[in-house]
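Below is one structure; the comments refer to it alone.
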Amino acid sequence: MTNFHISLGSEVADALRDGRPVVALESTIVSHGLPRPDNLRVAREIEQAVRDAGAVPATIGMLAGELRVGLDDAQLTRLATVDGVSKLSVRDLAPAAATGADGATTVAATSAVAAAAGIGVFATGGLGGVHREATQTFDESADLVTLARTPIAVVCAGVKSILDVGATLERLETLGVGVVGYRTRRFPGFYLTDAGFDLDWSVESPEQVADVLAARAAHGVHHGGLVVANPLPADEQLDPALHDRTLTEGLAALAREGITGKAVTPFLLSHFHAATEGASLTVNVRIILRNADLAARIAVAAAARRTAGTA
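In UniProt numbering, the protein residues as written are 1 to 311.
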């Protein structure tokens with residue numbers, strides 16, 4: 001009989017045992033989010049950004065049905081280079097394990113697995129959310145409801161601007177997911193610094209985020225996630241005019257080709273890459289590297305706070 005436990009990489013296991021800072025990383029950006037061969041190079045750069053800021057990276061994925069927290073380089077290479085890697089949300093984890101699949105974890109699955117392993121901070125690019133036309137399709141990312149019940153801090157550049165950003169913020173409020181801007185009171189839109197919506201709360205430092213997490217744990221009242229929205233500087237965002245034009249063209253192509261469901265996001269991201277001649281990919285990489293750095297600094301601050309509390 002196959003043992004379906006979650007396996008920890010040795011470095012991650014040692015760090016968790018010793019109370020050192022660990023940052024969870026998703027694997028869908030490796031297998032589905034970035035083109036080859038850039039995907040493997042960027043995946044390694046993301047892990048290095050976490051290390052450079054003082055934390056241990058824990059990229060999460062599934063190899064031959066084994067759910068792994070902390071992929072080694074050979075395992076990371078496998079998910080980046082082989083065909084047929086499944087995209088796994090939380091509901092897919094058990095069937096994928098039972099059938100011996102190779103799989104890359106989404107934001108939802110990565111959050112859930114990281115929390116189960118005892119990791120409290122996760123870095124990603126952009127959060128999933130409510131899709132446009134959701135009033136007809138009911139298409140909403142599982143990221144939102146998963147964060148409603150998962151006590152993890154997710155550092156992201158807001159939600160992807162291809163989504164309905166306003167509706168996503170409303171759903172996060174309804175679901176009780178905390179949202180704070182990092183040094184901003186405006187919600188970012190992934191490629192864009194400002195998606196056009198105000199935030200109730202902002203934090204100014206990794207230490208302040210660590211204080212928020214400590215308060216949540218001490219209160220014992222709120223058991224959901226915390227979204228730390230980390231916008232790109234305005235001079236590093238995708239040109240807004242180019243963004244808007246590309247998005248309009250992409251949405252028209254979606255309707256024309258009848259693309260729906262899970263295929264929408266990868267189609268639009270691919271369209272952005274082609275239509276902007278790679279500019280969106282450059283911005284995408286910049287986003288995840290910045291978020292990995294901030295998440296690591298938050299994890300370091302949280303670990304220091306725990307150590308000080310037990311001293």
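The beta-carbon is built from N, C-alpha and C at its ideal position, and this holds for glycine as well.
- Leu16 sits in a helix when the DSSP states are folded into three classes.
- A straight line joining the alpha-carbon of Val12 with that of Ala58 spans about 6 Å.
- According to DSSP, residue pairing for Tyr182 in a beta bridge involves Val203.
- Using a Cβ distance threshold of 8 Å, Ile60 and Ala108 do not count as a contacting pair.
- Non-local C-beta neighbours of Asp194 in its own chain, meaning closer than 6 Å and more than five positions away in sequence, comprise Arg186, ordered along the chain.
- In the assembly as shown, Ser270 is an exposed residue. Its beta-carbon has fewer than 16 other beta-carbons within 10 Å.
- Of all C-beta pairs linking the segment 290-310 to the segment 47-56, three or more are shorter than 8 Å, placing the two stretches in contact.
- In this chain, the alpha helix (DSSP H) harbouring Ile46 covers 38-52.
- One Cα belongs to Val165, the other to Gly196, and the distance between them is close to 9 Å.
- Of all C-beta pairs linking the segment 166-176 to the segment 233-244, fewer than three are shorter than 8 Å, placing the two stretches out of contact.
- Following the DSSP letters along the chain, one finds Arg68 inside the beta strand (DSSP E) bounded by residues 66-69.
- Taking C-beta separations shorter than 6 Å and ignoring five residues to either side along the sequence, the partners of His223 in its chain run Pro151, following chain order.
- A direct Cα-Cα distance of roughly 33 Å separates Ile46 from Glu133.
- In terms of Cβ geometry, Leu76 and Val30 form a close pair [threshold 8 Å].
- In this structure, DSSP gives Gly166 a helical state, which the three-state scheme calls helix.
- Three or more Cβ pairs closer than 8 Å define a contact, and the segment 118-129 meets that threshold against the segment 141-156.
- In this structure the segment 91-104 does not touch the segment 250-268; the number of beta carbon pairs closer than 8 Å is below three.
- In the three-state DSSP reduction, Glu140 falls in the strand class (E or B).
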